[in-house]
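A.B. asks:
Protein chains: 2
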Amino acid sequence: MTEGQTSNVPFEGVDSCGCGCGCNREDLPWSGRGTDLPITGCRFSLYPMTDDFVSIILGALDKTDASFVWSQSDALSTVYRGKREYVIDAVAALFANAWRDGVHMALEGQVSRGCPGDVSGDSVLSCEGEAPNAATVEAATQPALAKLSLYPLGVEDYIDDIAKVWYLAEERGLNPTSIHYATRIEGSIRDIFTYFNDVCALMEQTVSHYVLHFTINVNSPTDEEE
Amino acid sequence: MTEGQTSNVPFEGVDSCGCGCGCNREDLPWSGRGTDLPITGCRFSLYPMTDDFVSIILGALDKTDASFVWSQSDALSTVYRGKREYVIDAVAALFANAWRDGVHMALEGQVSRGCPGDVSGDSVLSCEGEAPNAATVEAATQPALAKLSLYPLGVEDYIDDIAKVWYLAEERGLNPTSIHYATRIEGSIRDIFTYFNDVCALMEQTVSHYVLHFTINVNSPTDEEE
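Here the protein sequences line up with chains A and B, keeping their order.
So for the first sequence, my numbering puts the first residue at 1; every next one is plus one.
So for the second sequence, my numbering puts the first residue at 1001; every next one is plus one.
#1: So what's E1186(B) in DSSP terms, helix, strand or just coil?
#2: I want to see whether chain A comes within less than 8 Å of K1147(B), judged by CB atoms only; does it?
#3: State the start and end residues of the unbroken alpha helix (DSSP H) segment that holds T222(A).
#4: Give me the chain A residues within the contact set of V1054(B), using Cβ-Cβ distance strictly less than 7 Å, ordered along the chain.
#5: In chain A, which residues lie less than 7 Å from L1028(B) when you measure between Cβ atoms?
#6: When you compare each of T183(A), T215(A), Q72(A), S208(A) to G1109(B) by their alpha carbons, which one comes out closest?
#7: Classify Y195(A) as helix, strand or coil using the three-state DSSP reduction.
#8: Closer than 8 Å by C-beta to K1164(B): which residues in its own chain qualify, once you throw out the five before and the five after it? Chain order, please.
#9: Using a Cβ-Cβ cut-off of 8 Å, state whether G22(A) counts as contacting chain B.
#10: Would you report the Cα separation of P1038(B) and S1067(B), rounded to the nearest angstrom?
#11: Could you pull the DSSP bridge partners for T1115(B) from this structure?
#12: Can you tell me whether D223(A) is buried or exposed, with buried defined as 16 or more other CB within 10 angstroms of its CB?
#13: Using three-state DSSP, classify W1070(B) as helix, strand or coil.
#14: For A1075(B), which residues in chain A fall below 7 Å Cβ to Cβ?
#15: Rounding to the nearest angstrom, what Cα-Cα distance links G117(A) and D1161(B) in this structure?
#16: Below 8 Å, how does it come out for the stretch 1173-1183 of chain B and the stretch 1073-1082 of chain B: are there three or more Cβ pairs, yes or no?
#17: Which residues of the stretch 1115-1146 of chain B have a Cβ closer than 9 Å to any Cβ of chain A? Give them in chain order.
#18: Below 9 Å on C-beta distance, what does S1071(B) contact in chain A?
#19: Please list the partners that Q1110(B) has in chain A, where partner means a Cβ-to-Cβ separation under 9 Å.
#20: So if I threshold CB-CB distances at 8 Å, which residues from the stretch 1076-1103 of chain B count as touching chain A?
#21: Let me know the secondary structure DSSP gives V1087(B) once reduced to three states.
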């Protein structure tokens, strides 16, 4: 694991995690937490903008193999936790499986790893081999738009990381543009999620705690030439 | 303005803004940025889960007075920028104006202030007085669910702030619960957005740069007692 992180010890130093740290505050519900395990999580919500949204979501869940991740849903969102590549694989596949021609749909998500408020449980880390939905994701060539906001936490010198993430988007032909509070990209569903996976992989190399917030949408009716 | 922030100078020290800093990197599009102005922004997307989503969104935009903020929309999201209370007022009113009985709808947003990659333009800061949609927001008593993830950036000692934000939710009767990567709350549309406004006000007192990511939804078909 990366520097500064041991189980059940508050993350000292320059961390500024906002998802609820305070591991040494006994009055807060996340008191005493922390994990050494390489758990990546993605909390996300799927929004098909159609009267038929329930069956689209349930249908997509049926087709998606989420056996390589731990999962929990509530009335607001679902969270997958486990090895990063399998978490991204499952989210990408769910989105691809929910795609329906002509239906405008978005997925809003946050990928998080290394939060000092995290726990060692609620995860699956025992799987190996090819991601179970790899073929589905590979076939997801439908065009999509996306935006991302990346928070590398707890490090002073993060500019090179941010630059790498920008250049990676350029190299991948995702046409990044800078907008207030985010970076916008465009590409296929497959290429965008592959990029998110690689952004996360980059972050793992240099920061112990990061959060990537993203939106991806398809079949938008908005005509931006207007 | 708060410590460490002057125009066009990179934020030194422990900042770990991920929305694209690197003000001294001439190869990046946000080179040379920074602002002293008290601009708060909210980038958000509205998701009515119905075939009728376009007319719901356009209808809500028609009814919402966004004259106290600067605004720009694209195919993914809209951003409002200006004084915090007016930004939150406009977003809350848009959501309240879009509410339709029986229609499941969500709004996903990020409130941001103090990013060293920010600019002084694209904002309205000249307005005073009562927020233009105050009556609409006050009347928004419909029940809603929400989650929030708060990132106070650039400070070492933020735990007290996070604790205050948690306790504030308890005091307001919003029944906060800790979930992976976020805090969940429930209350009326009005009370939830009032809370978001107050969280942002708290953050302004102690950190120069924060981001609050949130989701709010209404009329969810999910039965959590199952």
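Glycine included, each C-beta is placed from N, C-alpha and C at the ideal position.
C.D. replies: Walking through what the data contain:
#1: Within the second sequence, the letter at position 186 stands for residue 1186(B). Of the three classes helix, strand and coil, the one that applies to E1186(B) here is strand, per DSSP.
#2: Translated into positions along the second sequence, residue 1147(B) becomes position 147. Yes, K1147(B) counts as interfacial toward chain A.
#3: Taking the first residue of the first sequence as position 1, residue 222(A) is located at position 222. Neither: T222(A) is in no alpha helix (DSSP H) and is coded neither H nor E.
#4: Stepping through the second sequence from its first residue, residue 1054(B) is reached at position 54. Within 7 Å Cβ-Cβ: P221.
#5: Here the question's residue 1028(B) lines up with position 28 in the second sequence. Residues of chain A with a Cβ closer than 7 Å to the Cβ of L1028(B) are, in chain order, A163, W166.
#6: The residue given as residue 1109(B) occupies position 109 in the second sequence. Looking at the Cα atoms, T215(A) is the closest of the given residues.
#7: Taking the first sequence and counting its residues from 1, one reaches residue 195(A) at position 195. DSSP places Y195(A) in the helix class (H, G or I) of the three-state scheme.
#8: For this step, residue 1164(B) is matched to residue 164 along the second sequence. Take K1164(B), set aside five residues on each side of it, and the residues of its chain with a beta-carbon closer than 8 Å to its own are L1202, in chain order.
#9: The residue labelled residue 22(A) in the question sits at position 22 within the first sequence. At G22(A) the pLDDT is 48, less than 50, meaning the model places this residue with poor confidence; the figure from the coordinates comes in the next sentence. It does: the Cβ of G22(A) has a partner Cβ on chain B nearer than 8 Å.
#10: Within the second sequence, numbered from 1, the residue matching residue 1038(B) stands at position 38. Within the second sequence, numbered from 1, the residue matching residue 1067(B) stands at position 67. Roughly 18 Å between the two C-alpha positions.
#11: Here residue 1115(B) is taken as the residue at index 115 of the second sequence, counted from 1. In the sequence as displayed, the identity of residue 1115(B) is Cys instead of Thr. None, per the DSSP bridge assignment.
#12: Within the first sequence, the letter at position 223 stands for residue 223(A). Burial call: exposed.
#13: Position 70 of the second sequence, counting from 1, holds the residue named residue 1070(B). DSSP places W1070(B) in the strand class (E or B) of the three-state scheme.
#14: Taking the first residue of the second sequence as position 1, residue 1075(B) is located at position 75. What A1075(B) touches in chain A: L145, S220, T222, E224.
#15: Counting from one through the first sequence, the residue named residue 117(A) turns up at place 117. Counting from one through the second sequence, the residue named residue 1161(B) turns up at place 161. Going by the C-alpha atoms only, they are around 15 Å apart.
#16: Remark: fewer than three beta-carbon pairs, one from each stretch, lie closer than 8 Å, so the stretch 1173-1183 of chain B and the stretch 1073-1082 of chain B are not flagged as touching.
#17: Listed by position along the chain: C1115, G1117, D1118, V1119, D1122, L1145, A1146.
#18: Looking up residue 1071(B) in the second sequence gives position 71. None at all; the shortest Cβ gap to chain A is about 11 Å.
#19: Here residue 1110(B) corresponds to residue number 110 of the second sequence, with the count starting at 1. For Q1110(B), the C-beta contacts it makes with chain A under 9 Å involve S149, Y181, A182, H213, in order along the chain.
#20: Residues L1076, S1077, V1079, R1081.
#21: Position 87 of the second sequence holds residue 1087(B). Three-state result, V1087(B): helix.
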